[in-house]
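Reviewing the structure listed below.
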Amino acid sequence: MSGPEVVAVVFGTIAFLAIGSFTCVVIDRLPLQLDEENRFGELWDTRPWSEVFGGTSRCSSCGTAVRPWQNIPVISWFALRGRCSSCGAPIPGFHPWVELASPLLFLGAVWAIGLDWALLPVLWLIPVGLAIAVIDLRTLIVPTRIVWPAFFVSVALTVVVAAVEGEWSLLLSALIGLAVLAGPFFVLWFLLPSAMGFGDVRLAVLLGWIVGFYAGTDLFAAVILALICMTAAALLGLVIGVGAMGLRGRKAKVPFGPALVISAYGCVVLAAQILEPFGVY
Ligand SMILES: [Zn+2]
Numbered sequence: 003m004s005g006p007e008v009v010a011v012v013f014g015t016i017a018f019l020a021i022g023s024f025t026c027v028v029i030d031r032l033p034l035q036l037d038e039e040n041r042f043g044e045l046w047d048t049r050p051w052s053e054v055f056g057g058t059s060r061c062s063s064c065g066t067a068v069r070p071w072q073n074i075p076v077i078s079w080f081a082l083r084g085r086c087s088s089c090g091a092p093i094p095g096f097h098p099w100v101e102l103a104s105p106l107l108f109l110g111a112v113w114a115i116g117l118d119w120a121l122l123p124v125l126w127l128i129p130v131g132l133a134i135a136v137i138d139l140r141t142l143i144v145p146t147r148i149v150w151p152a153f154f155v156s157v158a159l160t161v162v163v164a165a166v167e168g169e170w171s172l173l174l175s176a177l178i179g180l181a182v183l184a185g186p187f188f189v190l191w192f193l194l195p196s197a198m199g200f201g202d203v204r205l206a207v208l209l210g211w212i213v214g215f216y217a218g219t220d221l222f223a224a225v226i227l228a229l230i231c232m233t234a235a236a237l238l239g240l241v242i243g244v245g246a247m248g249l250r251g252r253k254a255k256v257p258f259g260p261a262l263v264i265s266a267y268g269c270v271v272l273a274a275q276i277l278e279p280f281g282v283y
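In our numbering, each number is its position in the sequence shown, counted from 1, plus 2.
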């Protein structure tokens, strides 16, 4: 790597530590725990964006403002031993993990794709995927308020990359990825609405577009990568499901979002390794 590239990677890593910290704020604030079920029978609701983004960071129990030294990614959570320094209320344990995962996922993407315009969609996927996965784990809701806007931003970013590279067929690959990944989920939701929420269908639309895009210009590669993404998500979902039943009892509802997000990110960064044996990368 050249000097400027090293500077870009260091700067990017620091930026993604900060982005991870910000992602935690969204995870903390976006779904609001309700006292009574809302009209969808859910105990979680989403706040207006102005409330999610507005104001300084505060303890969600006592409202004390978080001081700057208590806001250092990863380190502060351990320094505070996972508790508010004023009232002792626990700070959710996902904080240090999300803050650590964010820069690591950035480095993984740079390793796979290099410092290139083509990084844009996967860099966007990192905070979006982390927020969706952790919110789904905590609340069993895949937040529509994140998924649809994230999808349209992803489409815009992939259009930018396709234009810069002069490879418009990448967008066709993205569309095929979307159809192959989201199609079966849609059918499953249509036939067995109790088995799968529509949130997972929406999420598959977003992730399918991105996975298909990173399969490259070969349309057959997009089909293969999306199918492998689905298979890996199903296996991972099974593991997470068994874990969830162990923790929450056998009748526990199982979140599928985290498995889909992990599988999609894995397929993006390992696209070359996955597709090479098929001779299509
Ligand atoms: Zn507090």
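Backbone N, C-alpha and C fix where the C-beta goes; we use that ideal spot for every residue, glycine too.
Endpoints, the alpha helix (DSSP H) within which residue i is located
| i | result |
| --- | --- |
| threonine 48 | Segment 46 to 48 is the beta strand (DSSP E) holding threonine 48; no alpha helix (DSSP H) there. |
| isoleucine 128 | 122 to 141 |
| glutamine 72 | First-last for glutamine 72: undefined, no H or E at that position. |
| alanine 234 | 221 to 250 |
| proline 260 | 259 to 271 |
| glycine 56 | Looking at the DSSP string, glycine 56 is not in any alpha helix (DSSP H), and its letter there is neither H nor E. |
| glutamate 315 | Limits of the chain in this structure are 3 at one end and 283 at the other, which puts residue 315 out of reach. |
| isoleucine 77 | 77 to 81 |
| phenylalanine 154 | 146 to 167 |
| leucine 205 | 200 to 216 |
Residue span of the beta strand (DSSP E) that contains residue i, given as start and end
| i | result |
| --- | --- |
| glutamine 35 | 33 to 35 |
Cα-Cα separation between residue i and residue j, rounded to whole angstroms
| i | j | result |
| --- | --- | --- |
| phenylalanine 18 | glycine 84 | 21 Å |
| isoleucine 137 | proline 145 | 8 Å |
| glycine 22 | cysteine 86 | 19 Å |
| tryptophan 170 | valine 270 | 19 Å |
| leucine 172 | glycine 268 | 19 Å |
| alanine 164 | leucine 121 | 12 Å |
| proline 279 | leucine 229 | 15 Å |
| glycine 131 | valine 263 | 6 Å |
| glycine 168 | glutamate 38 | 53 Å |
| valine 203 | alanine 10 | 36 Å |
| valine 225 | proline 186 | 13 Å |
| proline 33 | glutamate 44 | 11 Å |
| alanine 81 | asparagine 73 | 11 Å |
| leucine 277 | proline 92 | 44 Å |
| alanine 111 | alanine 274 | 12 Å |
| glycine 5 | leucine 174 | 36 Å |
| leucine 194 | alanine 184 | 15 Å |
Residue i and residue j closer than 9 Å at C-beta
| i | j | result |
| --- | --- | --- |
| leucine 36 | tryptophan 46 | yes |
| valine 282 | phenylalanine 222 | yes |
| isoleucine 148 | valine 28 | yes |
| cysteine 26 | cysteine 64 | no |
| cysteine 231 | serine 196 | no |
| valine 76 | leucine 102 | yes |
| arginine 31 | valine 54 | yes |
| glycine 201 | glycine 259 | yes |
| phenylalanine 96 | arginine 41 | no |
| proline 123 | phenylalanine 215 | yes |
| tryptophan 71 | proline 98 | no |
| tryptophan 126 | valine 155 | yes |
| proline 237 | alanine 152 | Here residue 237 turns out to be leucine, not proline, going by the sequence shown. No, these two residues do not count as a Cβ contact at 9 Å. |
Expected contact under 8 Å - CB spacing of residue i and residue j to nearest Å
| i | j | result |
| --- | --- | --- |
| isoleucine 134 | leucine 205 | 7 Å |
| leucine 227 | valine 213 | 6 Å |
| proline 94 | threonine 15 | Not confirmed; about 24 Å, so no contact. |
| isoleucine 242 | alanine 217 | About 25 Å separates the two Cβ atoms, so there is no contact after all. |
(request) Examine the Cβ distances between the region 178 to 188 and the region 116 to 126 and report whether three or more of them are shorter than 8 Å. (result) no
(message) Any contact between the region 57 to 65 and the region 159 to 174? By contact I mean 3 or more CB pairs, one from each, below 8 Å.
(response) no
(message) Could you check whether the region 212 to 222 touches the region 239 to 247, counting it as contact only if at least three pairs of C-beta atoms, one from each stretch, sit closer than 8 Å?
(response) no
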